[in-house]
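Data block below; observations after.
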Amino acid sequence: MPEIAHQVDVSRRKGILQAFACLVLISAMPVIANTRPSDGVGTDALTYAFLLSVWQFLFSLPLFAREAKSGRKGLFDQTMERAVKKRLLLTIIGTGMMFGLSTFLYVLSARKAGAVGSALAIQAYPLFAILLESLFLRRHKTILELAFTLVLITTLVYLATNGTFQSEELSGWFLLALTIPLIWSIAHIILREMMGKTSFTPAQITTIRAGTSLLFLLGVMMFTGHITTLPDAFFNGALQQAAAALGLVYYVELLIWFYAVRHIDVSLASSITVPAPAGTMVLAFIFLGDQIQTYQIIAMFVIMASLYGLIFAGKRKA
1 MPEIAHQVDV SRRKGILQAF ACLVLISAMP VIANTRPSDG VGTDALTYAF
51 LLSVWQFLFS LPLFAREAKS GRKGLFDQTM ERAVKKRLLL TIIGTGMMFG
101 LSTFLYVLSA RKAGAVGSAL AIQAYPLFAI LLESLFLRRH KTILELAFTL
151 VLITTLVYLA TNGTFQSEEL SGWFLLALTI PLIWSIAHII LREMMGKTSF
201 TPAQITTIRA GTSLLFLLGV MMFTGHITTL PDAFFNGALQ QAAAALGLVY
251 YVELLIWFYA VRHIDVSLAS SITVPAPAGT MVLAFIFLGD QIQTYQIIAM
301 FVIMASLYGL IFAGKRKA
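Residue numbers (the UniProt record's numbering): 1 to 318.
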(Lines of atoms letter the chains of each structure in order from A; the text may use other names.)
(Lines give C-alpha, C1' and ligand atoms only; values in the text may rest on other atoms or scores of the structure.)
Protein backbone atom coordinates (compact mmCIF):
# COMPACT_ATOMS: atom_id res chain seq x y z
CA MET A 1 0.00 0.00 0.00
CA PRO A 2 2.73 2.57 0.84
CA GLU A 3 4.35 1.79 -2.53
CA ILE A 4 1.07 2.41 -4.37
CA ALA A 5 0.56 5.66 -2.46
CA HIS A 6 4.09 6.74 -3.39
CA GLN A 7 3.43 5.99 -7.08
CA VAL A 8 0.21 8.02 -6.97
CA ASP A 9 2.05 10.91 -5.30
CA VAL A 10 4.83 10.82 -7.90
CA SER A 11 2.26 10.75 -10.71
CA ARG A 12 0.42 13.72 -9.20
CA ARG A 13 3.62 15.75 -8.81
CA LYS A 14 4.52 14.97 -12.41
CA GLY A 15 1.12 16.17 -13.63
CA ILE A 16 1.35 19.38 -11.59
CA LEU A 17 4.82 20.16 -12.94
CA GLN A 18 3.59 19.53 -16.49
CA ALA A 19 0.62 21.86 -15.92
CA PHE A 20 2.99 24.58 -14.67
CA ALA A 21 5.05 24.09 -17.84
CA CYS A 22 1.84 24.65 -19.83
CA LEU A 23 1.24 27.84 -17.84
CA VAL A 24 4.63 29.23 -18.89
CA LEU A 25 4.13 28.26 -22.54
CA ILE A 26 0.56 29.61 -22.73
CA SER A 27 1.76 32.91 -21.23
CA ALA A 28 4.46 33.23 -23.88
CA MET A 29 2.43 32.27 -26.96
CA PRO A 30 0.63 35.61 -27.61
CA VAL A 31 3.95 37.43 -27.23
CA ILE A 32 5.73 35.07 -29.63
CA ALA A 33 2.85 35.50 -32.10
CA ASN A 34 3.53 39.24 -32.14
CA THR A 35 7.22 38.83 -32.99
CA ARG A 36 6.42 38.22 -36.66
CA PRO A 37 7.63 41.00 -38.98
CA SER A 38 5.08 43.68 -39.85
CA ASP A 39 6.36 44.59 -43.31
CA GLY A 40 7.05 42.64 -46.48
CA VAL A 41 5.35 40.06 -48.68
CA GLY A 42 4.23 36.97 -46.80
CA THR A 43 4.08 38.54 -43.35
CA ASP A 44 0.28 38.55 -43.22
CA ALA A 45 -1.57 36.54 -40.57
CA LEU A 46 -2.75 33.78 -42.93
CA THR A 47 0.71 33.02 -44.31
CA TYR A 48 2.20 33.14 -40.82
CA ALA A 49 -0.47 30.76 -39.50
CA PHE A 50 0.30 28.33 -42.32
CA LEU A 51 4.06 28.48 -41.72
CA LEU A 52 3.76 27.91 -37.97
CA SER A 53 1.45 24.95 -38.70
CA VAL A 54 4.10 23.51 -41.02
CA TRP A 55 6.71 23.86 -38.29
CA GLN A 56 4.35 22.41 -35.70
CA PHE A 57 3.77 19.38 -37.94
CA LEU A 58 7.50 18.92 -38.55
CA PHE A 59 8.30 19.14 -34.83
CA SER A 60 5.65 16.50 -34.11
CA LEU A 61 7.03 13.89 -36.54
CA PRO A 62 9.99 12.53 -34.51
CA LEU A 63 7.86 11.43 -31.54
CA PHE A 64 5.15 10.17 -33.90
CA ALA A 65 7.72 8.04 -35.75
CA ARG A 66 9.30 6.86 -32.50
CA GLU A 67 5.94 5.62 -31.20
CA ALA A 68 5.21 3.86 -34.48
CA LYS A 69 8.60 2.17 -34.37
CA SER A 70 8.14 1.09 -30.74
CA GLY A 71 4.88 -0.68 -31.58
CA ARG A 72 2.44 1.71 -29.88
CA LYS A 73 -0.47 1.35 -32.27
CA GLY A 74 -3.10 3.63 -30.73
CA LEU A 75 -5.13 4.96 -33.62
CA PHE A 76 -3.65 2.34 -35.95
CA ASP A 77 -4.68 -0.61 -33.81
CA GLN A 78 -5.91 -3.26 -36.24
CA THR A 79 -8.39 -4.59 -33.66
CA MET A 80 -10.34 -1.32 -33.68
CA GLU A 81 -13.65 -1.61 -35.52
CA ARG A 82 -13.57 -0.04 -38.97
CA ALA A 83 -16.66 2.08 -38.30
CA VAL A 84 -15.14 3.44 -35.07
CA LYS A 85 -11.84 4.17 -36.81
CA LYS A 86 -13.63 5.95 -39.66
CA ARG A 87 -15.63 8.12 -37.23
CA LEU A 88 -12.46 8.91 -35.31
CA LEU A 89 -10.55 9.93 -38.43
CA LEU A 90 -13.43 12.12 -39.62
CA THR A 91 -13.60 13.69 -36.16
CA ILE A 92 -9.88 14.42 -36.11
CA ILE A 93 -9.97 15.85 -39.64
CA GLY A 94 -13.01 18.01 -38.86
CA THR A 95 -11.56 19.32 -35.61
CA GLY A 96 -8.19 19.76 -37.30
CA MET A 97 -9.81 22.16 -39.76
CA MET A 98 -11.38 24.02 -36.84
CA PHE A 99 -7.99 24.29 -35.16
CA GLY A 100 -6.51 25.53 -38.43
CA LEU A 101 -9.07 28.34 -38.50
CA SER A 102 -8.45 29.13 -34.83
CA THR A 103 -4.68 29.29 -35.47
CA PHE A 104 -5.23 31.98 -38.11
CA LEU A 105 -7.57 33.89 -35.78
CA TYR A 106 -5.04 33.52 -32.95
CA VAL A 107 -2.17 35.21 -34.77
CA LEU A 108 -4.49 37.83 -36.28
CA SER A 109 -6.09 38.81 -32.96
CA ALA A 110 -2.74 38.77 -31.14
CA ARG A 111 -1.62 41.57 -33.47
CA LYS A 112 -4.92 43.46 -33.71
CA ALA A 113 -6.27 43.09 -30.15
CA GLY A 114 -2.81 42.99 -28.58
CA ALA A 115 -1.03 40.17 -26.79
CA VAL A 116 -2.71 41.00 -23.47
CA GLY A 117 -6.17 41.53 -24.98
CA SER A 118 -6.10 38.23 -26.85
CA ALA A 119 -4.74 36.40 -23.78
CA LEU A 120 -7.63 37.73 -21.69
CA ALA A 121 -10.17 36.83 -24.39
CA ILE A 122 -8.93 33.24 -24.47
CA GLN A 123 -9.81 32.95 -20.77
CA ALA A 124 -13.44 32.80 -21.94
CA TYR A 125 -12.81 29.15 -22.89
CA PRO A 126 -14.46 27.71 -19.73
CA LEU A 127 -17.47 29.97 -20.29
CA PHE A 128 -18.08 28.64 -23.79
CA ALA A 129 -17.44 25.07 -22.61
CA ILE A 130 -20.08 25.46 -19.91
CA LEU A 131 -22.63 26.95 -22.31
CA LEU A 132 -22.05 24.30 -24.98
CA GLU A 133 -22.15 21.42 -22.49
CA SER A 134 -25.43 22.76 -21.12
CA LEU A 135 -26.94 23.11 -24.59
CA PHE A 136 -25.77 19.93 -26.31
CA LEU A 137 -24.77 17.50 -23.56
CA ARG A 138 -27.59 18.45 -21.17
CA ARG A 139 -25.16 18.96 -18.30
CA HIS A 140 -27.06 21.28 -16.02
CA LYS A 141 -25.19 23.82 -13.94
CA THR A 142 -25.73 24.83 -10.32
CA ILE A 143 -26.76 28.32 -9.22
CA LEU A 144 -23.20 28.94 -8.00
CA GLU A 145 -21.77 27.98 -11.41
CA LEU A 146 -24.29 30.24 -13.15
CA ALA A 147 -23.38 33.12 -10.81
CA PHE A 148 -19.67 32.85 -11.61
CA THR A 149 -20.55 32.52 -15.30
CA LEU A 150 -22.54 35.76 -15.14
CA VAL A 151 -19.59 37.55 -13.52
CA LEU A 152 -17.32 36.22 -16.25
CA ILE A 153 -19.68 37.40 -19.02
CA THR A 154 -19.94 40.85 -17.43
CA THR A 155 -16.15 41.11 -17.22
CA LEU A 156 -15.78 40.14 -20.88
CA VAL A 157 -18.25 42.90 -21.82
CA TYR A 158 -16.15 45.27 -19.71
CA LEU A 159 -13.04 44.23 -21.64
CA ALA A 160 -14.75 44.36 -25.04
CA THR A 161 -15.77 47.98 -24.40
CA ASN A 162 -12.27 48.99 -23.24
CA GLY A 163 -13.37 49.26 -19.62
CA THR A 164 -16.34 51.57 -20.23
CA PHE A 165 -19.48 49.38 -20.71
CA GLN A 166 -20.37 51.80 -23.54
CA SER A 167 -21.44 50.27 -26.86
CA GLU A 168 -19.59 52.87 -28.96
CA GLU A 169 -16.32 51.68 -27.39
CA LEU A 170 -16.92 48.08 -28.45
CA SER A 171 -13.72 46.50 -29.79
CA GLY A 172 -14.32 44.39 -32.87
CA TRP A 173 -10.87 42.83 -32.60
CA PHE A 174 -11.53 41.70 -29.03
CA LEU A 175 -14.81 40.13 -30.19
CA LEU A 176 -12.86 38.36 -32.94
CA ALA A 177 -10.44 37.06 -30.31
CA LEU A 178 -13.42 35.60 -28.42
CA THR A 179 -14.16 33.31 -31.37
CA ILE A 180 -10.91 31.43 -30.63
CA PRO A 181 -12.02 29.89 -27.30
CA LEU A 182 -15.45 29.30 -28.84
CA ILE A 183 -13.92 27.20 -31.64
CA TRP A 184 -11.61 25.45 -29.17
CA SER A 185 -14.47 24.53 -26.85
CA ILE A 186 -16.56 23.09 -29.70
CA ALA A 187 -13.62 21.04 -31.01
CA HIS A 188 -12.58 19.84 -27.55
CA ILE A 189 -16.10 18.71 -26.67
CA ILE A 190 -16.24 16.71 -29.90
CA LEU A 191 -12.80 15.18 -29.24
CA ARG A 192 -13.57 14.49 -25.59
CA GLU A 193 -16.59 12.40 -26.54
CA MET A 194 -14.36 10.27 -28.79
CA MET A 195 -11.34 10.01 -26.49
CA GLY A 196 -13.07 7.71 -24.05
CA LYS A 197 -13.84 5.23 -26.83
CA THR A 198 -10.38 4.98 -28.43
CA SER A 199 -6.75 4.46 -27.49
CA PHE A 200 -4.97 7.03 -29.65
CA THR A 201 -1.87 8.62 -28.12
CA PRO A 202 -1.17 12.34 -27.53
CA ALA A 203 1.57 12.23 -30.18
CA GLN A 204 -0.83 10.81 -32.77
CA ILE A 205 -3.60 13.31 -32.12
CA THR A 206 -1.23 16.30 -32.18
CA THR A 207 0.50 15.17 -35.39
CA ILE A 208 -2.73 14.45 -37.28
CA ARG A 209 -4.28 17.66 -35.96
CA ALA A 210 -1.28 19.72 -37.09
CA GLY A 211 -1.22 18.03 -40.49
CA THR A 212 -4.92 18.63 -41.05
CA SER A 213 -4.60 22.25 -39.94
CA LEU A 214 -1.80 23.02 -42.38
CA LEU A 215 -3.66 21.35 -45.27
CA PHE A 216 -6.77 23.38 -44.42
CA LEU A 217 -4.78 26.62 -44.28
CA LEU A 218 -3.03 25.72 -47.55
CA GLY A 219 -6.45 25.28 -49.17
CA VAL A 220 -7.57 28.67 -47.85
CA MET A 221 -4.39 30.27 -49.20
CA MET A 222 -4.99 28.76 -52.63
CA PHE A 223 -8.61 29.92 -52.61
CA THR A 224 -7.76 33.49 -51.55
CA GLY A 225 -4.67 33.86 -53.74
CA HIS A 226 -2.27 34.11 -50.80
CA ILE A 227 -0.39 31.11 -52.18
CA THR A 228 1.69 33.56 -54.24
CA THR A 229 3.24 34.92 -51.03
CA LEU A 230 4.83 31.60 -50.06
CA PRO A 231 8.08 31.90 -52.07
CA ASP A 232 8.91 35.20 -50.37
CA ALA A 233 7.73 33.89 -46.99
CA PHE A 234 9.88 30.76 -47.18
CA PHE A 235 13.03 32.87 -47.67
CA ASN A 236 12.14 35.46 -45.01
CA GLY A 237 14.48 34.49 -42.18
CA ALA A 238 12.82 36.64 -39.50
CA LEU A 239 9.36 35.34 -40.41
CA GLN A 240 10.51 31.72 -40.43
CA GLN A 241 12.18 32.18 -37.06
CA ALA A 242 8.99 33.58 -35.54
CA ALA A 243 6.89 30.82 -37.15
CA ALA A 244 9.24 28.07 -35.98
CA ALA A 245 9.29 29.46 -32.43
CA LEU A 246 5.50 29.58 -32.14
CA GLY A 247 5.10 26.23 -33.92
CA LEU A 248 7.45 24.56 -31.44
CA VAL A 249 5.91 26.17 -28.36
CA TYR A 250 2.37 25.40 -29.57
CA TYR A 251 3.22 21.74 -30.22
CA VAL A 252 5.05 21.23 -26.92
CA GLU A 253 2.22 22.90 -24.97
CA LEU A 254 -0.39 20.62 -26.57
CA LEU A 255 1.68 17.51 -25.94
CA ILE A 256 2.48 18.37 -22.32
CA TRP A 257 -1.18 19.20 -21.66
CA PHE A 258 -2.31 15.78 -22.90
CA TYR A 259 0.22 14.09 -20.63
CA ALA A 260 -0.62 16.33 -17.65
CA VAL A 261 -4.29 15.39 -17.66
CA ARG A 262 -3.28 11.73 -17.55
CA HIS A 263 -1.75 12.32 -14.11
CA ILE A 264 -4.13 14.89 -12.61
CA ASP A 265 -7.74 16.01 -13.05
CA VAL A 266 -8.51 18.46 -15.84
CA SER A 267 -9.90 20.85 -13.21
CA LEU A 268 -6.57 20.92 -11.34
CA ALA A 269 -4.57 21.34 -14.54
CA SER A 270 -6.91 24.14 -15.66
CA SER A 271 -6.64 25.92 -12.30
CA ILE A 272 -2.85 25.97 -12.60
CA THR A 273 -3.00 27.64 -16.03
CA VAL A 274 -5.56 30.30 -15.00
CA PRO A 275 -2.91 33.00 -14.25
CA ALA A 276 -1.56 32.83 -17.83
CA PRO A 277 -2.70 36.41 -18.72
CA ALA A 278 -0.60 37.76 -15.83
CA GLY A 279 2.46 36.13 -17.36
CA THR A 280 1.52 37.49 -20.78
CA MET A 281 1.25 41.00 -19.32
CA VAL A 282 4.77 40.81 -17.89
CA LEU A 283 6.28 39.32 -21.06
CA ALA A 284 4.43 41.76 -23.36
CA PHE A 285 5.70 44.71 -21.30
CA ILE A 286 9.30 43.44 -21.30
CA PHE A 287 9.66 42.16 -24.87
CA LEU A 288 7.06 44.12 -26.86
CA GLY A 289 6.90 47.35 -24.87
CA ASP A 290 3.10 47.03 -24.61
CA GLN A 291 1.35 49.42 -22.25
CA ILE A 292 -0.88 47.58 -19.80
CA GLN A 293 -4.15 49.37 -19.10
CA THR A 294 -5.67 49.59 -15.62
CA TYR A 295 -8.97 48.09 -16.81
CA GLN A 296 -7.08 45.07 -18.17
CA ILE A 297 -5.45 44.43 -14.78
CA ILE A 298 -8.81 44.76 -13.00
CA ALA A 299 -10.47 42.42 -15.51
CA MET A 300 -7.64 39.90 -15.20
CA PHE A 301 -8.13 39.53 -11.44
CA VAL A 302 -11.92 39.29 -11.77
CA ILE A 303 -11.58 36.66 -14.52
CA MET A 304 -9.11 34.66 -12.43
CA ALA A 305 -11.44 34.78 -9.42
CA SER A 306 -14.40 33.73 -11.59
CA LEU A 307 -12.50 30.81 -13.13
CA TYR A 308 -11.33 29.56 -9.74
CA GLY A 309 -14.92 29.94 -8.55
CA LEU A 310 -16.16 27.82 -11.46
CA ILE A 311 -13.57 25.14 -10.67
CA PHE A 312 -14.59 25.15 -6.99
CA ALA A 313 -18.30 25.02 -7.87
CA GLY A 314 -17.71 22.13 -10.26
CA LYS A 315 -15.79 20.10 -7.67
CA ARG A 316 -18.43 20.88 -5.04
CA LYS A 317 -21.16 19.58 -7.35
CA ALA A 318 -19.16 16.42 -8.03
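Idealized CB from N, CA, C, for every residue including glycine. It should be emphasised that the depicted structure is a prediction, and the values quoted were computed from it without experimental measurement.
{"Item": "Proximal residues to alanine 113 (C-beta, below 8 Å), its chain only, five neighbours per side dropped", "Value": "Ala121, Ser171, Trp173, Phe174, Leu176, Ala177"}
{"Item": "C-alpha gap between glycine 100 and phenylalanine 258, whole angstroms", "Value": "19 Å"}
{"Item": "Reduced DSSP category for threonine 201 - H, G, I as helix; E, B as strand; rest coil", "Value": "coil"}
{"Item": "DSSP-derived helix/strand/coil call for glutamine 81", "Value": "It should be pointed out that residue 81 corresponds to glutamate in this sequence rather than to glutamine. It is coil, neither helix nor strand."}
{"Item": "Where aspartate 44 falls: helix, strand or coil (DSSP)", "Value": "coil"}
{"Item": "Supposed close pair tryptophan 55, leucine 248 - CB separation, criterion 8 Å", "Value": "7 Å"}
{"Item": "Residue burial classification, isoleucine 264 (beta-carbon count within 10 angstroms, cutoff 16)", "Value": "buried"}
{"Item": "Residue from Ala284, Ile186, Arg13, Phe285 with nearest C-alpha to alanine 124", "Value": "Ile186"}
{"Item": "Three-state secondary structure assigned by DSSP to lysine 141", "Value": "coil"}
{"Item": "Rounded straight-line distance, which links the Cα of phenylalanine 64 to that of serine 70", "Value": "10 Å"}
{"Item": "Own chain partners of phenylalanine 285 with C-beta closer than 7 Å, once the 5 adjacent residues on each side are dropped", "Value": "Ile292"}
{"Item": "Endpoints, alpha helix (DSSP H) assigned at alanine 278", "Value": "276–283"}
{"Item": "Short Cβ contact (8 Å threshold) for arginine 111 with alanine 45", "Value": "yes"}
{"Item": "Rounded C-alpha distance that separates alanine 33 from arginine 12", "Value": "32 Å"}
{"Item": "Under 8 Å between C-beta atoms of glycine 211 and tyrosine 295", "Value": "no"}
{"Item": "Own chain partners of serine 134 with C-beta closer than 8 Å, once the 5 adjacent residues on each side are dropped", "Value": "His140, Lys141"}
{"Item": "Alanine 21 vs isoleucine 205 beta-carbon contact at 8 Å", "Value": "no"}
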